[in-house]
Structures are given as C-alpha cells and as structure tokens.
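The structure under discussion appears below in the form of structure tokens.
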C-alpha cells in the first residue's frame, strides 16, 4: 500500500485535476459491479465545485437512459474542460434552459489520472471520513432458513 503513494506524485485539488478525477471515477462507475460509492463521490465533488463557483450548470439535457421509459432530464455541468451530468433539482427546471437531446459528437478529453489517484483526490477534497466501498466490507455468509413446525412461534 505504501508503494502506491510513492508511485504517484500527490495531486493538488486544482479544477483541472478534480475534473479529470471526476471523469475517471464516472467512467469506471459506468461498468463497476457496485457503482454507488463512485457515483456518490462524483456527485458530492461536483456539488462542492458548484458551491465554490469552480463549476457551472449549463442547462438540461434529455437523459439517454430514462428510468421506466419515462422522459427524464439531467443537468449538464461544466467543470474545467469537462462536462458531466447530474440529477436535476426542482429549481433547475425553472432556472436552466433546456438544451434538448444530448449531442453525441461532443466528448470529454482523455484523462491521465488512475482510478486510485482519482478516488484519493476526490475523497480528500470532499472530506469523506471513511471509504464505504462494497469490496472493503465483509460479505455476509449465507445462512440456511430455519423452518418452524406449523403453529410454532418465530420469536
């Protein structure tokens, strides 16, 4: 574990480093078996950048993958040279212009930050106390169900 910290130089939380880290985390979250932690880190980091004025909400896009086949919109956020989507708040619908469908030809630049570097940078930036990631938690052992005879109490 210590060799990892020597392997990569310490990244400073500049807008460019943070936006690359969010891009890396977001890219990996799309294919992760349990993406909740990664999406939480992305969301919290973008919210903090918006609050600090280092990122800006541009408008609303129709979602490419709407839930339950219902039309849905996402907020387009610009941070450095990167753009991201976040779930909208009620205020976003009245304050932001709707940009229609997502332009498939617009792409974010390549990021040079590894997933481990990105997670470390974002977790320290947002001040997350402890990394609650599913692979770090013990898996619960399967226990066979216990069947009671008819009329017996389960308590």
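Numbering (this note's numbering), first residue to last: -17 to 137. In this text, a Cβ means the ideal position worked out from N, Cα and C, and glycines have one as well. Given the structure is predicted, the values throughout are model-derived calculations rather than measurements.
For the putative contact between residue 140 and residue 11, defined by C-beta atoms under 8 angstroms, what is the C-beta separation to the nearest angstrom? The shown model of the chain, from -17 to 137, leaves out residue 140, and the question about it has no answer.
Going by the beta-carbon positions, is the gap between residue 104 and residue 3 smaller than 8 angstroms? Translated into the one-based positions of the chain shown, residue 104 becomes position 122. Translated into the one-based positions of the chain shown, residue 3 becomes position 21. Yes.
Could you name the residues of the same chain whose beta carbon sits closer than 8 angstroms to that of residue 46, not counting the 5 residues immediately before and after it, in chain order? Along the chain shown, one-based indexing puts residue 46 at 64. Excluding residues within five positions, the ones whose Cβ falls inside 8 angstroms are 84.
Is the beta carbon of residue 108 less than 8 angstroms from the beta carbon of residue 27? Start at 1 with the first residue of the chain shown, and residue 108 comes out as number 126. Start at 1 with the first residue of the chain shown, and residue 27 comes out as number 45. In contact: residue 108 and residue 27 (Cβ atoms closer than 8 angstroms).
Continuous beta strand (DSSP E) assignments of at least 3 residues falling wholly in the stretch 9 to 63: 38 to 44, 55 to 61
Mapping DSSP to helix, strand and coil, what is residue 68? Numbered from 1 along the chain shown, position 86 holds the residue referred to as residue 68. If DSSP states are grouped into helix, strand and coil, residue 68 belongs with the strands.
C-alpha distance - residue 63 paired with residue 32, whole-angstrom precision: If you number the chain shown from 1, residue 63 lands on position 81. If you number the chain shown from 1, residue 32 lands on position 50. Spanning the two alpha carbons is a distance of roughly 15 angstroms.
So, residue 59 versus residue 72, is the Cβ gap smaller than 8 angstroms? Translated into the one-based positions of the chain shown, residue 59 becomes position 77. Translated into the one-based positions of the chain shown, residue 72 becomes position 90. Their beta carbons are not under 8 angstroms apart, which means residue 59 does not touch residue 72 by this criterion.
Near residue 61, which residues of its chain fall below 6 angstroms by C-beta distance, leaving aside the five closest residues on each side in sequence? Sequence index remark: in the chain shown, residue 61 carries index 79 (1-based). 1, 31, 37, listed in sequence order.
Which first and last residues belong to the alpha helix (DSSP H) in which residue 81 is found? Indexing the chain shown from 1 puts residue 81 at position 99. Note, residue 81: premise wrong, no alpha helix (DSSP H); not H, not E.
Bounding residues of the alpha helix (DSSP H) (the contiguous stretch that carries residue 107): Taking the first residue of the chain shown as 1, we reach residue 107 at position 125. Looking at the DSSP string, the run of the alpha helix (DSSP H) that includes residue 107 is 97 to 108.
Nearest-angstrom Cα separation, counted from residue 122 out to residue 66: Within the chain shown, the letter at position 84 stands for residue 66. Within the chain shown, the letter at position 140 stands for residue 122. Computed Cα separation, rounded: 35 angstroms.
On a Cα-Cα basis, can you pick out the residue from 82, 34, 77 that is closest to residue 53? The residue you call residue 53 lines up with position 71 of the chain shown. Per the Cα distances, 82.
Can you tell me whether residue 99 is buried or exposed? The criterion is at least 16 other CB atoms within 10 Å of its CB, across all chains shown. Position 117 of the chain shown, counted from the start, is the residue given in the question as residue 99. So residue 99 ends up on the buried side.
In this structure, how does DSSP classify residue 2 when only helix, strand and coil are distinguished? If you number the chain shown from 1, residue 2 lands on position 20. Looking at residue 2 - three-state DSSP - the assignment turns out to be helix.
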